[in-house]
Each structure stands twice: as structure tokens, then as C-alpha cells.
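Novice:
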Amino acid sequence: MKKVITTFAVLTTLLFGVEIMIKGSDTMLNLVQRLGEAFSTVQPDVTVSVTGGGSGVGINAMINREVPVAMASRAMKSKELSQARSNGVNPVEIVIALDGLSVIVNSKNQVSKLTIDQIGAIYRGEITNWNQIGGPNKKIVLYGRQPNSGTFVFFRDEVVKGEYSTSMRQMNGNAQIVEGVKADEGGIGYVGLGYIKDIEGIKPVAIARKPAEEFVSPKDEKALKSGAYPLTRPLFLYTNGKPKGAVRDFITFILGNSGQQIVETEGYLPVTQNYADRNQQILQ
Amino acid sequence: MLNPKQKKGATLSNKNILILLVALFATIVIAQEPGESELEHNGWFRYTNTSTSLKITEPSVSRFALERGYLRFSHRWSPLFFTKMTVDIFSSDKYADGATVRLKEAYADISLPFIKDFNLTAGLQKHYFGLIYSWDYTHPDKELGDDRGIYSSADYGVTLNGFLPGGLGELQLGVYNGEGYKYAGKYVNTAPELLANLRLTPITGITIGASVFSNSRDNAPYKNDKKGRDASGKYFMNADTANINRLAFAPMAKVAFGPVSILGEYIGYNYTRSYTYYELTRDTAGNVVDSTLKEKTKKYQLSGIDFLPVITILGRKLELYGRLSLWNHTEQKSGDTMELNKDRSFIRYGAGFNYHLIRREKGKPGLAFQFAWIRTQPKKEETKPTDTFMAQMRFEWSSLIKKPEL
Chain A
178 MKKVITTFAV
188 LTTLLFGVEI
198 MIKGSDTMLN
208 LVQRLGEAFS
218 TVQPDVTVSV
228 TGGGSGVGIN
238 AMINREVPVA
248 MASRAMKSKE
258 LSQARSNGVN
268 PVEIVIALDG
278 LSVIVNSKNQ
288 VSKLTIDQIG
298 AIYRGEITNW
308 NQIGGPNKKI
318 VLYGRQPNSG
328 TFVFFRDEVV
338 KGEYSTSMRQ
348 MNGNAQIVEG
358 VKADEGGIGY
368 VGLGYIKDIE
378 GIKPVAIARK
388 PAEEFVSPKD
398 EKALKSGAYP
408 LTRPLFLYTN
418 GKPKGAVRDF
428 ITFILGNSGQ
438 QIVETEGYLP
448 VTQNYADRNQ
458 QILQ
Chain B
883 MLNPKQKKGA
893 TLSNKNILIL
903 LVALFATIVI
913 AQEPGESELE
923 HNGWFRYTNT
933 STSLKITEPS
943 VSRFALERGY
953 LRFSHRWSPL
963 FFTKMTVDIF
973 SSDKYADGAT
983 VRLKEAYADI
993 SLPFIKDFNL
1003 TAGLQKHYFG
1013 LIYSWDYTHP
1023 DKELGDDRGI
1033 YSSADYGVTL
1043 NGFLPGGLGE
1053 LQLGVYNGEG
1063 YKYAGKYVNT
1073 APELLANLRL
1083 TPITGITIGA
1093 SVFSNSRDNA
1103 PYKNDKKGRD
1113 ASGKYFMNAD
1123 TANINRLAFA
1133 PMAKVAFGPV
1143 SILGEYIGYN
1153 YTRSYTYYEL
1163 TRDTAGNVVD
1173 STLKEKTKKY
1183 QLSGIDFLPV
1193 ITILGRKLEL
1203 YGRLSLWNHT
1213 EQKSGDTMEL
1223 NKDRSFIRYG
1233 AGFNYHLIRR
1243 EKGKPGLAFQ
1253 FAWIRTQPKK
1263 EETKPTDTFM
1273 AQMRFEWSSL
1283 IKKPEL
């Protein structure tokens, strides 16, 4: 039945419909694709085409008016804002979900909790063996993203607080990091919450801001929703000016009950009240 | 058999090939290091036809050329450190094989951890002045200041570059060599050029800004082959260098709304050139019996405006544009009188279009076709206008070279 509906939606769009093109964050790719598919069943005349490439690539495409919507797992930089405004593009920022960034290790690794400072020291290359933090005598192998990724930037600014070690393996996406850590007993990586669901061979570590504070697992939904988990970040959609027409309808759908349920189903967190209020002000 | 000039070109060519091989090898080695390397090519294959009063079948210029062949090697060592080198392999009939290589950029860029969104750049780098770096060659010809040789697009120096918060604009402050990237040896002087460049976008779509530079050159190249009698009948012969004091400023504006954008600038450029010459005393047989070193100073005031309105349609595939440029060249004649040099002053206008078969984005190729017509009418009334047609294929590609995954 779903196939029939999808085929019908595509045909209708080809004949009379509207296409919303969205480009950007690989972290958000699966989520926005699901949201797009769900929206097309509600509004069959609208097709949502979603492509990745990284937050920077999506933002550039919006600045150059190639796509009406960019998805980004980081906020726009001053350089990008300056280029956009100079091109007559007025970026409007909508938070559609929250992502808890999970730090993962191989499931055979006995280390199950780390502080932010320890993770930072690991990624700066200052801690190089698991036995320095209570683990086995095994060299730590770092897995991370590439510089065009919003996740790379967020993790650097919030956790590494300096430069990544030059030994970090820069992977194309979250899935590649999961695969890398799964196959590497000394591996450590960082991925979006949506990528740790029901995957064997890896485990997320519990994280605390400071040694004296409580360690919180990214699988603890209550802690995630309350903001107690230290590594949460907003996920954005950017439009040129206040969203209008089909784009506005799509965003309204995402921020509504159905959309936010999909956000949760996909392993992300729904927007908190302060972000919801801010979104409401923008859309008014 | 090569004539002496051609031989010089051939020797240079071999050296250039060696530079390229070294650069390519360095890129491959660097690419093995952590980080991200990029190899990029940007080529402009152009046909140019220049004629008087649209007599295109009787052209004074009719040529095919690779006007630009930028090859860029860059590497991001870390989020805070980036290096880049650009060489331009382009057509040139000065050399035996019809092409040559010119070093265009070679710099290191360090992000400043204590000032957000600011970085320090050192080496042969962009020279931000006027519209030169807002000019993305939507029009295939050069921007007015670049075309008139007022400033170089690149120079050796140390600069502070940054973006203002909230997308308000950008700022560049620099200390440059002042001679431009073409000079690196005999004619480089010790006096630095100071440059400031500010862009503000107070309202989305409206950018205003200005650039200013000041430079004193005490060792500029000057032809020493000029000799003869001066106005008083004395023999003279020029020395081979001149002192030049330069001050240039360029307010600019850009307006962009939807598919329409207009780029405009005013250029003001004042300079004085002081040169030395020998006043020669000859005997009745014509032999030099005495010489006195003298100095002469001449003022120049140059100014111009440049406008480029563009409309982009068909999903950014097609750009239509017009162009209007005015240029006045005045120079000191007798005493303090400034006089317009009508041969070197002109009004220039034209139109054209670009078709982008593939729009380029990072790591992917691009292909565009550009067609432009430009009419230049010198201010000397009796001089007929010249018309230039340009047809250009612009092809660009880049390749991200990543460290092999182990």
C-alpha cells in the first residue's frame, strides 16, 4: 500500500506537484528523508528531495539559491551569514529536533563511562592508551568526521576544545564510524543518537561534565529530555526568509505532533519548549 | 633553431615544468598526512576578436588562448591551519612553446583562536582592493582597477582577515610588498604597502564598503633608454628607476535582490613619480664632457567607475549582464596644470551572457560558456571606437584527496 501511495505521489508531483529540495547534514539525512516521505503521504502534491554532503555544502547551496532549504547540524558561521546577506539571502533558522551526540566504543571494551575532559584529551591525542583511563592495555584508535561535517565542528568546539589529534581517522559519515569502531577493539567514535539504536558490537559510554557529577547514558531518555545529558545539540533547517508555501507546510508538519513523533522514532529528541517558542515566533 | 628570445622562453618552460612536478609531488606527499588536500583546476579557453567600429572581418586581434589555467594545491592540516599554492599555466606568445607558468598564490593561513572568525595569512596571497574579489568573472573581462593596472590581484604580505558577527560584513588589514606578484627581485623596495578593506551589509542584499591603500616605491622599474634634448635644449638621459608615491581608494556597493544584482565601484588613484636623469654637457664634437644628476616629479590623477548589472534566470543556468565603465586619466603638464589625457581616457560599455551547463561546487566540476561584447570609445573625439567580442569556455574541476583509510 505504501509503495502505491509513494508511486502515486511521485506521478502527481511530476504532473502538477511541487518539489522541495533540501541539502546538507549527513547526520540529518535519514531523519529528514523519513519526514519528507511522511509529509508526502499527507500532501501528495509535494515531493521532498533530500541530499547530503555535509552541513557546509547544504548551507552553501542555500546561499547560492540552489536549494530553498538547507539542513545543518551546526549553526551558520559568520562567514556564511555574511556571504548570504551580501547575496540577498536572509537565512532563517528553525530548530526541528535535538540530537544527543553519543561517544561509542567497541562492546568488548570495559570502559563504560568518561568525562568530557577525558574525551577531549583522548581526541587531542593526550591520552593514547585505554589503560590510562582504567581500560585494557590497548592503543586508542580515534574515529571522527570530516571538516565539512557539522558534527565534526560541534564535537571540536564542545568536547575537544582544541585541535583534533592528527591521527584521527576522518570517516565519510556516522555509519562508517560505527562500522570502524565495531571492527576495532581499541576504537572510539562519536555519532548521532539515531546511529546507536539496536546495533551490536558497539556501546555508547555514559558521560559526565565533571568527575564529581553524575554519568548519564545517551540511552537514558529521561535524562536526554531533561537536558541532563551533556552532549545535546539542536538540528536546524535554514530557509531564505520566512518559509512560505509548501516549505512552510513541511516545516509546520515537522514541528507538529506527527513530525515530532517521527523525530523520536528515528532516535532523536523532540524540540524543547524554548526552541518551540522561538520557532513559533519565526513562523508567525 | 630558436632565436635568443625563444631560447629564454624554452629554458623558463623547463624550469616551470620542474616547479609543477615538485608541487604535484608535494601534494601527493601532503595528502598522505592527516587532514584534507584539494587539487583544483580552473581553465578559461577564449576566442577574442577586436576591431575598429565593428569591422570584425578586419580584426586587429583575432586569437585563441588559454587566458587562465589556475592549478591549485591546497591542504587543510587542521581546522586552524591551511596552506595553498596556485600556479597559472596560460597562453603567452612571449615564449617559444606559446605558454608559460606564473606563481599566483603561495600562503599559509592560521585561524586566530583568541579572535573568533579571524585569521592571519602570510605569503603570496589575495590583494583585497575595490571589487577585485567580488568580481567572480561573471563578465569574462577584468574588473576596471585590475584592467588599468592600478593594483595587483595578488601580492606578498601579511594580512589579518575576518568576518564581523551576525553576517554584518568583513574586514581585511594588510601589510604588503606593494609591487604585486610579478616582482620579487631587483625591483622590490623596502617600503611596505598598507591596505585596509571593509565590507558592511547592514541590510540583507545591500553591501557597502571601501578599500584604501598607500604605498611608496623607491625602486620602481623605469626605462633608462629615454634620452635626447629637454625643452631648454639640454641633453639628458634617464636613470633606470623612479620613486613612486601611491594612494588609492575605492568605495563600492552591491545590491542583490532575488535574481538581480548590481555591482558598482568608484576608483580614485593619485600618484607622483619622481625620476632622476642626467643632464649631459657635450662638446662641439658631441662628446659628453660633464653630467649632472637631476630629479623631476610628475603628478597623475586617475579615476573611474565600473557598473555590472546581472540577472540570473533558468535555475541559475543563464546570466544576462550589461557593463558600463568610465575612465579618466589626468596628468601634470606644465607647472601645476593637470590635463586630461584623452588617449588614455574612455567610456566602455557592453553586454553579454553566460550559460552554465554545470554549476561548480566543492569537489565537483563546472562548465560554463561566456559571450561578451565590449565597446571602448576613447575620449579623443577623432578616435574611432574599438569593439571586442569574447567567446569563452570556462571549465573547472577539483578533487579532494583524503588520507587513505587503513
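Chains as they are written, first to last, in our numbering: chain A, 178 to 461; chain B, 883 to 1288.
For each residue, glycine too, the CB sits at the ideal point set by N, CA and C.
1. Expressed to the nearest angstrom, what Euclidean distance is found between the alpha-carbon atoms of Leu1145(B) and Leu291(A)?
2. Compare the C-alpha of Lys316(A) against each of Glu335(A), Pro324(A) and Asp361(A) and name the closest.
3. Taking only three categories from DSSP, how would you classify Ala261(A)?
4. Between Phe1045(B) and chain A, is any beta-carbon pair separated by less than 8 Å?
5. What's the gap between the Cα of Ala1167(B) and the Cα of Tyr1160(B)?
6. Classify Pro1260(B) as buried or exposed, calling it buried when 16 or more other Cβ atoms lie within 10 Å of its own Cβ.
7. Helix, strand or coil: which one does DSSP assign to Asp991(B)?
8. Determine the closest residue to Gln458(A) out of Phe332(A), Val318(A), Ser217(A) and Thr429(A), with distance taken between C-alpha atoms.
9. Compute the Euclidean distance between the alpha carbons of Phe1095(B) and Trp1017(B), then round it to the nearest angstrom.
10. So, are the CB atoms of Val209(A) and Asn325(A) less than 8 Å apart?
11. So what does Glu270(A) bridge to, in DSSP terms?
12. Since Ser232(A) and Arg251(A) should fall inside the 8 Å C-beta cutoff, what is the C-beta to C-beta distance between them, to a whole number of angstroms?
13. In chain order, which alpha helix (DSSP H) runs of at least 4 residues are fully inside the region 340-377 of chain A?
14. Verify the CB distance criterion: does Ser919(B) have a CB-CB separation below 8 Å to chain A?
15. Can you check DSSP and say which residues form a bridge with Val448(A)?
16. Within the continuous beta strand (DSSP E) that includes Val309(A), where are the two ends?
17. Any C-beta of chain A sitting closer than 8 Å to the C-beta of Glu1052(B)?
18. Across which residues does DSSP place Thr1270(B) in a beta bridge pair?
19. If you check the beta carbons only, do Val272(A) and Pro411(A) fall under 8 Å apart?
20. Closer than 9 Å between beta carbons: that is the criterion. Which residues of the region 298-315 of chain A meet it against chain B?
21. What residue range does the beta strand (DSSP E) around Phe1235(B) cover?
22. Excluding five sequence neighbours on each side, which residues of the same chain lie with their C-beta closer than 6 Å to the C-beta of Ala1135(B)?
23. Using a Cβ-Cβ distance under 8 Å, would Ala249(A) count as near chain B?
24. Are Pro245(A) and Val424(A) touching if we call contact CB-CB under 8 Å?
25. Could you compute how far the alpha carbon of Ile236(A) sits from the alpha carbon of Met253(A)?
26. Once DSSP output is grouped into helix, strand and coil, what is the label at Asp276(A)?
27. Apart from the five residues on each side of it in sequence, which residues of its chain come closer than 7 Å, Cβ to Cβ, to Lys887(B)?
28. So, are the CB atoms of Gly312(A) and Gln295(A) less than 8 Å apart?
29. On the premise that Leu985(B) lies in contact with Leu953(B), defined as a C-beta separation below 8 Å, what is that separation, rounded to the nearest angstrom?
30. For the alpha helix (DSSP H) containing Glu441(A), name the first residue and the last one.
31. Look up Met248(A) in the DSSP assignment and say whether it is helix, strand or coil.
32. For the region 997-1004 of chain B and the region 1038-1047 of chain B, state whether three or more C-beta atom pairs, one from each stretch, are separated by less than 8 Å.
33. If Phe964(B) sits next to Arg950(B), beta carbons under 8 Å apart, how far is it from one beta carbon to the other, in whole angstroms?
34. Examine chain A for any beta-carbon lying closer than 8 Å to the beta-carbon of Asp999(B), and answer yes or no.
35. Is Lys1178(B) buried or exposed, if buried means 16 or more other CB atoms sit within 10 Å of its CB?
36. Using alpha carbons as the reference points, say which of Phe1011(B), Leu1222(B), Glu1263(B) and Thr1086(B) lies closest to Tyr1182(B).
Specialist: On the basis of the data shown:
1. For Leu1145(B) and Leu291(A), the distance between alpha carbons rounds to 54 Å.
2. Asp361(A)
3. helix
4. Closer than 8 Å to some Cβ of chain A, the Cβ of Phe1045(B) qualifies, so yes.
5. About 19 Å.
6. buried
7. strand
8. Thr429(A)
9. 19 Å
10. no
11. Beta-bridge pairing links Glu270(A) to Tyr415(A).
12. 5 Å
13. DSSP assignment within the region 340-377 of chain A yields the following whole alpha helix (DSSP H) runs of 4 residues or more, N-terminal first: 351-359.
14. no
15. DSSP lists no partner for Val448(A).
16. It should be noted that the sequence gives Gln, not Val, for residue 309(A). Membership of Gln309(A) in any beta strand (DSSP E) is not indicated, and neither H nor E is assigned to it by DSSP.
17. yes
18. Thr932(B) and Ile1256(B)
19. yes
20. none
21. Residues Phe1228 to Ile1240.
22. Ile1090 and Gly1146
23. Chain B has no Cβ within less than 8 Å of the Cβ of Ala249(A).
24. Result yes, Cβ atoms of Pro245(A) and Val424(A) sit closer than 8 Å.
25. 8 Å
26. Correct three-state label for Asp276(A): strand.
27. Low confidence applies to Lys887(B): its pLDDT is 39, below 50, so where it sits in the model is not reliable enough to give any reading.
28. Not in contact: Gly312(A) and Gln295(A) (Cβ atoms no closer than 8 Å).
29. Contact doesn't hold; Cβ gap of about 11 Å is too wide.
30. Asn434 to Thr442
31. Correct three-state label for Met248(A): strand.
32. yes
33. Not quite, the Cβ-Cβ distance comes to about 23 Å (not below 8 Å), so this is no contact.
34. yes
35. exposed
36. For Tyr1182(B), the nearest C-alpha among the options comes from Leu1222(B).
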